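This report concerns only the one structure given below.
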Amino acid sequence: MSVLQRFWKDRMDIYRWVEVVEGGFTKQKKELLYRNVKCHYSKGQLVNTGEDSVPTLITSHTLFCGPDVDLQEGDEVVVTQRNGKQVTLTVGEGFPYSTHQEFSVKREDTA
22 MSVLQRFWKD RMDIYRWVEV VEGGFTKQKK ELLYRNVKCH YSKGQLVNTG EDSVPTLITS
82 HTLFCGPDVD LQEGDEVVVT QRNGKQVTLT VGEGFPYSTH QEFSVKREDT A
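Counting from 1 along the sequence shown, just add 21 to a position and that's the residue number in our numbering.
Here it is in structure tokens:
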């Protein structure tokens, strides 16, 4: 376990769309692959000046997990934060490092 992972207090369940054959028909079905995987969900804010030089606040969401976690672009994860709140995320592009992986994610349940 890396030093970073010791600070991760969030947990995630990982779902992936898979093809299944039911009654002779091939269908897509969302399947739970992994439960209770240690992670860290983070929110950052960027200022985009744009072409008109009008500042625009953009919120970015990032998910961190161990280097051995099988997480792929397009997966859906349900993160349970340390305070018990759950958020549903769609996984975007990932960046693997020797100590961890970092994924851009889109939050699905913003209210």
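Backbone N, C-alpha and C define an ideal beta-carbon position, used for all residues, glycine too.
Remember, predicted model here, so these are calculated numbers, not experimental data.
Inter-residue spacing [alpha-carbon to alpha-carbon] between residue i and residue j
{"i": "residue 102", "j": "residue 27", "result": "15 Å"}
{"i": "residue 48", "j": "residue 90", "result": "26 Å"}
{"i": "residue 111", "j": "residue 37", "result": "10 Å"}
{"i": "residue 25", "j": "residue 43", "result": "43 Å"}
{"i": "residue 63", "j": "residue 54", "result": "23 Å"}
{"i": "residue 80", "j": "residue 93", "result": "22 Å"}
{"i": "residue 114", "j": "residue 84", "result": "11 Å"}
{"i": "residue 121", "j": "residue 30", "result": "15 Å"}
{"i": "residue 117", "j": "residue 124", "result": "9 Å"}
{"i": "residue 39", "j": "residue 52", "result": "7 Å"}
{"i": "residue 65", "j": "residue 46", "result": "43 Å"}
{"i": "residue 119", "j": "residue 106", "result": "30 Å"}
{"i": "residue 59", "j": "residue 88", "result": "11 Å"}
Sequence-distant residues of the same chain with beta carbon closer than 6 Å to residue i, five excluded per side
{"i": "residue 95", "result": "none"}
{"i": "residue 98", "result": "33, 35 and 110"}
{"i": "residue 57", "result": "32"}
Proximity below 7 Å, CB of residue i to CB of residue j
{"i": "residue 82", "j": "residue 126", "result": "yes"}
Cβ-based burial, residue i [other Cβ within 10 Å; buried from 16]
{"i": "residue 108", "result": "buried"}
{"i": "residue 132", "result": "Any reading at residue 132 must be qualified, since the residue scores a pLDDT of 48, below 50, and its modelled position is unreliable; no value is offered."}
Nonlocal neighbours in the same chain, by C-beta distance under 7 Å from residue i, ignoring five residues either side
{"i": "residue 41", "result": "48 and 50"}
Endpoints, the beta strand (DSSP E) within which residue i is located
{"i": "residue 110", "result": "107–117"}
Cβ shell of residue i (< 8 Å), same chain only, five flanking positions each side left out
{"i": "residue 128", "result": "82, 108, 109 and 110"}
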